[in-house]
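Inspection log for the structure reproduced underneath, given as structure tokens.
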Amino acid sequence: REAPVLTIDGPGGAGKGTISRLVAERLGWQLLDSGALYRLTALAAGKHGVALEDEAGVAEVARRLDVVFVAEREATRILLEGEEATTVIRTEQVGDAASRVAALPAVRNALLDRQRDFRQPPGLVADGRDMGTVVFTDAPLKIFLTASADERARRRQRQLREAGVDASLSSLLKEIQARDARDMQRSVAPLKPADDAITLDTTCLTIPEVVDRLTELLTERG
Ligand code: C5P
Numbered sequence: 009r010e011a012p013v014l015t016i017d018g019p020g021g022a023g024k025g026t027i028s029r030l031v032a033e034r035l036g037w038q039l040l041d042s043g044a045l046y047r048l049t050a051l052a053a054g055k056h057g058v059a060l061e062d063e064a065g066v067a068e069v070a071r072r073l074d075v076v077f078v079a080e081r082e083a084t085r086i087l088l089e090g091e092e093a094t095t096v097i098r099t100e101q102v103g104d105a106a107s108r109v110a111a112l113p114a115v116r117n118a119l120l121d122r123q124r125d126f127r128q129p130p131g132l133v134a135d136g137r138d139m140g141t142v143v144f145t146d147a148p149l150k151i152f153l154t155a156s157a158d159e160r161a162r163r164r165q166r167q168l169r170e171a172g173v174d175a176s177l178s179s180l181l182k183e184i185q186a187r188d189a190r191d192m193q194r195s196v197a198p199l200k201p202a203d204d205a206i207t208l209d210t211t212c213l214t215i216p217e218v219v220d221r222l223t224e225l226l227t228e229r230g
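So, in structure tokens, the structure goes:
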């Protein structure tokens with residue numbers, strides 16, 4: 009039998025990244041940050057002068073992606089072609105480019121096997137948009153993590169403030185709504201809960217509350 013997978017899908021800013029990392033740490037499971045693969049693909053395309061609209065070209069970049077994930081205490085360090093890429097892939101600009109290349113079917117296809125390779129014993133926590141609907145359809149537990157757009161904008165603002173960046177709530181809200189629309193309306197692997205997913209609205213929940221709830225659900229299913 010293959011290693012179990014917990015899929016955590018949902019819109020940006022719902023807390024998937026933090027929650028996935030904490031749950032994986034608690035269980036001692038592998039972690040897949042699939043959004044990082046799309047961000048790295050967009051970044052690498054830029055580096056190699058491949059236009060984001062060039063579907064075959066970007067898919068080739070995705071297939072050849074030379075990336076190393078280094079698990080460290082607080083976060084995961086990411087090296088792209090041997091160069092530090094941990095913080096640069098988190099910028100709004102790369103996020104926007106990522107959601108553009110993510111709408112290209114050939115690019116999504118090129119990243120499928122690479123994502124499935126993360127499924128190793130004792131288990132995998134997979135964070136993304138289509139983990140439960142496309143990549144790991146047989147996952148025993150699928151979660152759809154959401155929060156209101158206002159709350160996600162506030163969280164994003166707090167995060168940016170901690171990094172010393174000032175951004176208005178209204179501009180963040182606009183960005184979040186634009187990204188949601190693009191992710192939900194694309195024809196390939198649109199953002200939506202899997203039929204067998206459990207939806208968890210985190211608007212009024214703290215991070216430890218969500219982590220506890222997920223570990224409870226896993227025990228019930230296990
Ligand atoms: O989650 P994150 O914000 O890092 O993802 C960046 C972008 O990559 C998303 O806006 C989405 O368009 C795309 N993505 C995707 N499928 C995934 C993960 C991310 O299409 N499984």
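Using UniProt numbering, the letters of the sequence shown map in sequence onto residues 9 to 230. C-beta: ideal position from N, C-alpha, C; glycine also. The structure displayed is predicted, hence computed values, not measured ones.
Would you mind stating whether residue i and residue j have Cβ atoms separated by less than 8 angstroms?
i: Thr154; j: Thr223; result: no
i: Pro148; j: Arg34; result: no
i: Val133; j: Leu39; result: yes
i: Phe152; j: Pro201; result: yes
i: Asp41; j: Arg137; result: no
i: Leu180; j: Gln165; result: yes
i: Thr227; j: Met139; result: no
i: Gly20; j: Ile215; result: no
i: Ile97; j: Arg47; result: yes
i: Asp74; j: Glu89; result: yes
i: Arg122; j: Leu45; result: yes
i: residue 254; j: Thr210; result: Outside the shown range of the chain, which is 9 to 230, sits residue 254, and nothing can be said about it.
i: Ala11; j: Pro129; result: yes
i: residue 231; j: Thr49; result: No information on residue 231 is available, as it lies outside the stretch 9 to 230 that the chain covers here.
i: Val218; j: Ile27; result: yes
i: Val13; j: Gly172; result: no
i: Thr84; j: Val76; result: no
Look up residue i in the DSSP assignment and say whether it is helix, strand or coil.
i: Val173; result: coil
i: Glu89; result: coil
i: Gln128; result: coil
i: Leu226; result: helix
i: Val13; result: strand
i: Asp203; result: coil
i: Ala79; result: strand
i: Thr49; result: helix
i: Thr26; result: helix
i: Leu73; result: coil
i: Asp209; result: strand
i: Asp62; result: coil
Judging by CA-CA distance, which residue of the options is the nearest neighbour of residue i?
i: Ala53; options: Ala44, Ala67, Ser42 and Arg81; result: Ala67
i: Arg190; options: Ser107, Asp74 and Gln128; result: Ser107
i: Arg9; options: Ser176, Asp146 and Leu30; result: Asp146
i: Asp204; options: Ala59, Val142, Ser156 and Thr95; result: Val142
i: Arg116; options: Val102, Gly43 and Glu92; result: Gly43
i: Glu92; options: Leu51, Pro113, Glu61 and Ala114; result: Leu51
i: Leu60; options: Gln101, Asp188, Glu170 and Thr94; result: Gln101
- Query: Which ranges would you report for the alpha helix (DSSP H) in the stretch 91-159 if only whole runs of at least 4 residues count?
  - Reply: 100-109 and 113-124
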